[in-house]
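Please read the structure below before turning to the comments.
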Amino acid sequence: MKDKQKMLNKKIVKDATIHSLTKLDPRSQVKNPVMFIVYLGAIFTLVLFFLSLGGISDASSWYIFAISLILWFTTLFGNFAEAIAEGRGRAQAETLKKARKDVVAKKLKTANLDSEYTEVKSSELKYGDIVLVKANEQIPMDGEVIEGIASVDESAITGESAPVIRESGGDRSAVTGGTVVTSDWLIIKVTAEAGKSFLDRMIQMVEGSSRKKTPNEIALQILLITLTIIFLIVSACLLPFSQYAVDEVGSGEAISLTNIVALLVCLAPTTIGALLSSIGIAGMARLNKANVLATSGRAIEAAGDVDILLLDKTGTITFGNRQASEFIPVGTIKEEELAEAAQLSSISDETAEGRSIVVLAKKRFNLRGQNIAKLNAKFIEFSAKTRMSGVDIGEEHIRKGSADAIKKYVTDLGGIYPEECDEVVKRVANAGGTPLVVARNELVLGVIYLKDIVKDGVKEKFEDLRKIGIKTIMVTGDNPMTAAAIAAEAGVDDFVSEATPETKLALIKKLQTEGHLVAMTGDGTNDAPALSQADVAVAMNSGTQAAKEAGNMVDRDSSPTKLIEVVRIGKQLLMTRGALTTFSIANDIAKYFAIIPVLFASIYPGLNKLNFMHLTSPTTAILSSIIYNALIIVALIPLSLKGVKYKEKPANKMLKQNLLIYGLGGVIAPFIFIKLFDVILTLCGVI
């Protein structure tokens, strides 16, 4: 595996090297104004070199050629930084494209395993079509499981080798085209048109075809262009100024055009200019690797500044359906007796609640499934009118349902509804749960406690969000009592109960007017208005199409805690850009103090006192500076791709740390390496 990865890296580097040359097209270069100045400088000095061969020159031919050659390498290194980031995206896209194959799909006439089917190409499937996928077959298109349960290999999409369980109902029903069923079978309803699947959109994003520059990226580019224009004007004035100074002082030598071009390149913010695009591309790639599809680069940056997170409860913090968590017997009834009756009444109940009762009975007392045919049982389906369901086995009539419905059922049979059961029902309701009462004939056996199950790891992740200054607010349509119980268990900072879509939307608008940057996660159609208003909107992939279209990100794993990864990537993107900008500007300041004194020392000898590095000559000073200027771009490419290491610290501490490392480092590094190159050039006889 390591060898394969190594070969992949070699291929990316080779591909990036080729693209570095193709990007020398002026139409490509002009897109990056800072590096375009370097590009023009390389062309100008090359022209000066050819003129020098004909005797028209203000410097030696070898020196002009050396300057031109280094400027061409600087341009190529800038192209290489962007090309290698794009190359990683293309490599990832190629992997995804291999998963997107036009396979034969079994299109069913009805949503039934025994239904007739016709074989069609996956590209011919339409929204709403129903398909059957068996073990070792590829899922032909994005969809929702409507029947069956199976293991699915999603490694082509997520990179995770372990298969995941996909089943109908709840948060594990969404499947992605290109993944493979490894066991059992699934009946799937197609939820995407051909060419508009999750995989298609992800391929577009990683290829960069949909990537637009973010507001911060544009603002930074404007700053870099402004600085470049200032240095361009200053450099343009140096030639007449130096000639005037020579005439006035009567000694020294005017600065050559070659040196002015080299000085301009050294002083312009070429480091961050060359790496700016690669930082943005790499940030998008890291988000895709986290299995989140972003439809906007703006959203990734905004995630770095989020301070409030709103979360829908059902399907986001909790699983989509309530599940049985406890059997509570009353009177002299034993818990196992209650569990057995509850299991019998739920055998034919295909709802998530019914299945959870059977699972709990098996887990608590190892009660296995019953032979329905042997029991000669008659199952009573749930009715909104009776608010009960159950089973009749001979003379035994077992019923489960709401407390009021069971109370009426028992009393009508001449039985007594115990006060103890009333107390248990109230206790369960006060805890935010749903009580289901179970009776056998006229005898009340006890209560099944159904509750919202908070997803694993939620509380710990919310604590992590709290550490980085993000407040979590749960928004739910539940009553205040139920909402409070779930909020306490999940560990959110606050909650809003009895919320309507209008309530959620109004809350986000209110928080935004107060100056907060708001993130929202949700999965339902009722969350769509709030998701469209939020600054960062993460829709669960298991959610409705309306929610996914309203969000600017889709979490393939449908995890409410995924936002912490999105926030980290957003903060890391901003920190990386800020750190490299700080380093670049600090570099320019250092290079200014390294070069200017040496260049003007022949005119103003007093400036030799500022040549504290004791650089040998203007020739070695300029050559050393532009060599450093070119190589530092290559040295920082890994950092721009990987990003600055993120730690969960307050923003002011991270700022101080980055200023210390990259600001101070940006000042010191040029002095060290320019002096080193100066010594090497001097030893080589260059003066």
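Under this note's numbering, think of the first position of the sequence shown as 86, with each following residue one higher.
Every residue, glycine too, gets a C-beta built ideally from N, C-alpha and C.
Item to check | One or two residues paired with R484 in a DSSP bridge | outcome: Mapped onto the sequence shown, residue 484 falls at position 399. G475, A524, per the DSSP bridge assignment.
Item to check | Three-state secondary structure assigned by DSSP to S617 | outcome: Reading the sequence shown from its first residue, position 532 is the one you call residue 617. Three-state result, S617: helix.
Checklist entry - Per DSSP, what kind of secondary structure is F464 in: helix, strand or coil? => result Residue numbering aside, residue 464 sits at position 379 when the sequence shown is read from its first letter. Of the three classes helix, strand and coil, the one that applies to F464 here is strand, per DSSP.
Item to check | Residues near V476 in its chain [Cβ-Cβ closer than 6 Å; skip 5 each side] | outcome: On the sequence shown, position 391 is the one that residue 476 refers to. Excluding sequence neighbours, V476 sits near L429, S430, A462, F464, I483.
Item to check | Cut-off 7 Å between Cβ atoms - residues of its own chain near G228, not counting five sequence neighbours on either side | outcome: For the purposes of this step, residue 228 is taken as residue 143 along the sequence shown, with counting starting at 1. Closer than 7 Å at Cβ, skipping near neighbours: V260, I273, K274, V275, T276.
Checklist entry - Are the segment 645-665 and the segment 331-350 in contact at 8 Å, needing three or more beta carbon pairs? => result no
Item to check | Cβ neighbours of L324 in the same chain (closer than 8 Å, five flanking residues each side left out) | outcome: If you number the sequence shown from 1, residue 324 lands on position 239. For L324, where only same-chain residues beyond five positions count, the Cβ hits under 8 Å are A339, I340, L342, I345.
Checklist entry - So what does DSSP say about F697, is it helix, strand or coil? => result For the purposes of this step, residue 697 is identified with residue 612 of the sequence shown, where counting begins at 1. It is coil, neither helix nor strand.
Checklist entry - If you run the structure through DSSP and keep just helix, strand and coil, what is D397? => result As a working mapping, residue 397 is identified with position 312 in the sequence shown. Strand at D397.
Checklist entry - So, are the CB atoms of I718 and G172 less than 8 Å apart? => result By 1-based counting over the sequence shown, the position of residue 718 is 633. By 1-based counting over the sequence shown, the position of residue 172 is 87. It is not a contact, given that the beta carbons lie outside the stated cut-off.
Next on the checklist: In the DSSP output, which residue or residues are listed as bridge partners for E640?
Outcome noted: For this step, residue 640 is matched to residue 555 along the sequence shown. A small fix is needed here, since residue 640 is Asp in this sequence, not Glu. According to DSSP, D640 bridges with V377, M625.
Next on the checklist: Between which residues of its own chain and I681 is the CB-CB distance below 7 Å, once the five residues before and five after are set aside?
Outcome noted: Within the sequence shown, residue 681 is the residue found at index 596, counting from 1. Closer than 7 Å at Cβ, skipping near neighbours: no residue.
Checklist entry - Would you report the Cα separation of E634 and S208, rounded to the nearest angstrom? => result Position 549 of the sequence shown holds residue 634. Position 123 of the sequence shown holds residue 208. Between E634 and S208, the C-alpha separation is close to 22 Å.
Checklist entry - Do you know offhand how far I364's Cα is from G542's? => result Taking the first residue of the sequence shown as 1, we reach residue 364 at position 279. Taking the first residue of the sequence shown as 1, we reach residue 542 at position 457. Taking the straight line joining both Cα atoms gives about 31 Å.
Item to check | Contact the segment 139-157 vs the segment 114-128: 3+ CB pairs below 8 Å | outcome: yes
Checklist entry - Near M392, which residues of its chain fall below 7 Å by C-beta distance, leaving aside the five closest residues on each side in sequence? => result Taking the sequence shown and counting its residues from 1, one reaches residue 392 at position 307. It is worth fixing the name first, because residue 392 is Asp in this sequence and not Met. Result list for D392: G554, I555, K556, H601, L602, in chain order.
Checklist entry - So what's E239 in DSSP terms, helix, strand or just coil? => result The residue given as residue 239 occupies position 154 in the sequence shown. Here E239 sits in coil by DSSP.
Item to check | Among F685, I759, P414, the one whose alpha carbon lies nearest that of E504 | outcome: Translated into the one-based positions of the sequence shown, residue 504 becomes position 419. Taking only the C-alpha atoms, the option nearest E504 is P414.
Checklist entry - Quick one: any contact between the segment 692-705 and the segment 134-142, if contact means 3 or more CB pairs under 8 Å? => result no
Checklist entry - Near G244, what residues of its chain come up, given a Cβ to Cβ distance below 6 Å and the 5 sequence neighbours on each side ignored? => result Reading the sequence shown from its first residue, position 159 is the one you call residue 244. With a pLDDT of only 48 at G244, under the threshold of 50, the placement of this residue in the model should not be trusted; the figure read from the coordinates follows. Nothing listed; no residue qualifies.
Item to check | Whole-number beta carbon distance between G389 and L659, since they are thought to touch under 8 Å | outcome: Numbered from 1 along the sequence shown, position 574 holds the residue referred to as residue 659. Numbered from 1 along the sequence shown, position 304 holds the residue referred to as residue 389. Rounded, the Cβ-Cβ distance is 4 Å, consistent with contact.
Next on the checklist: By the DSSP assignment, the alpha helix (DSSP H) with T704 in it spans what residues?
Outcome noted: Translated into the one-based positions of the sequence shown, residue 704 becomes position 619. For T704, the uninterrupted alpha helix (DSSP H) run begins and ends at 703-727, by DSSP.
Next on the checklist: Between P703 and L684, how many whole angstroms is the CB-CB distance? I'm expecting something under 8 Å.
Outcome noted: Stepping through the sequence shown from its first residue, residue 703 is reached at position 618. Stepping through the sequence shown from its first residue, residue 684 is reached at position 599. The pair is a contact, with the Cβ atoms about 5 Å apart (cut-off 8 Å).
Checklist entry - On the three-state DSSP scale, how would you describe K730? => result By one-based count along the sequence shown, residue 730 stands at place 645. Residue state, collapsed to three classes: coil.
Checklist entry - Quick one, are the C-beta atoms of E574 and V539 less than 8 Å apart? => result Stepping through the sequence shown from its first residue, residue 574 is reached at position 489. Stepping through the sequence shown from its first residue, residue 539 is reached at position 454. Cβ atoms of E574 and V539: closer than 8 Å.
Checklist entry - Hey, which unbroken runs of the alpha helix (DSSP H) at 4 residues or more fall wholly within the segment 552-601? => result For the segment 552-601, whole alpha helix (DSSP H) runs of length 4 or above, ordered along the chain, are 565-575, 586-598.
Checklist entry - Closest to K485 by CA distance: which of F150, G263, R525 is it? => result Stepping through the sequence shown from its first residue, residue 485 is reached at position 400. Ranking the options by Cα distance to K485, first place goes to R525.
Item to check | Rounded separation between K647 and V639 - CA only | outcome: Taking the sequence shown and counting its residues from 1, the one referred to as residue 647 is at position 562. Taking the sequence shown and counting its residues from 1, the one referred to as residue 639 is at position 554. Each residue's Cα considered, the two are about 10 Å apart.
Item to check | Counted within 10 angstroms of its Cβ, other Cβ atoms place S441 as buried (16 or more) or exposed | outcome: One-based indexing of the sequence shown puts residue 441 at position 356. When all chains shown are included, S441 counts as buried.
Item to check | Short Cβ contact (8 Å threshold) for A353 with T403 | outcome: Taking the sequence shown and counting its residues from 1, the one referred to as residue 353 is at position 268. Taking the sequence shown and counting its residues from 1, the one referred to as residue 403 is at position 318. Contact flag unset, no.
Checklist entry - Assuming F697 and G750 make a contact with CB atoms under 8 Å, what is their CB distance in whole Å? => result Taking the first residue of the sequence shown as position 1, residue 697 is located at position 612. Taking the first residue of the sequence shown as position 1, residue 750 is located at position 665. At roughly 19 Å, the Cβ-Cβ gap does not stay under 8 Å, so F697 and G750 are not in contact.
Checklist entry - Thinking C-alpha only, which one of S253, G262, L217 is nearest D238? => result Position 153 of the sequence shown, counting from 1, holds the residue named residue 238. Of the listed residues, the one whose Cα sits closest to D238 is G262.
Checklist entry - Any idea if V513 is buried or exposed, counting beta-carbon neighbours within 10 angstroms, 16 or more meaning buried? => result Here residue 513 refers to the residue found at position 428 when the sequence shown is read from its first residue. Taking all protein chains shown into account, V513 has 16 or more neighbouring C-beta atoms within 10 Å of its C-beta and is therefore buried.
Item to check | Buried/exposed call for V510, threshold 16 Cβ in 10 Å | outcome: Translated into positions along the sequence shown, residue 510 becomes position 425. Counting Cβ neighbours within 10 Å, V510 comes out buried, since at least 16 surround it.
Checklist entry - If you count every other CB in all the chains shown that lies within 10 Å of the CB of I757, and 16 or more means buried, which is it? => result Numbered from its first residue, the sequence shown carries residue 757 at position 672. Its Cβ having fewer than 16 others within 10 Å, I757 is exposed.
Checklist entry - Excluding sequence positions up to five away, which residues of its chain have a Cβ less than 6 Å from the Cβ of I759? => result Numbered from its first residue, the sequence shown carries residue 759 at position 674. The answer, listed in chain order, is A679, S709, S710, Y713.
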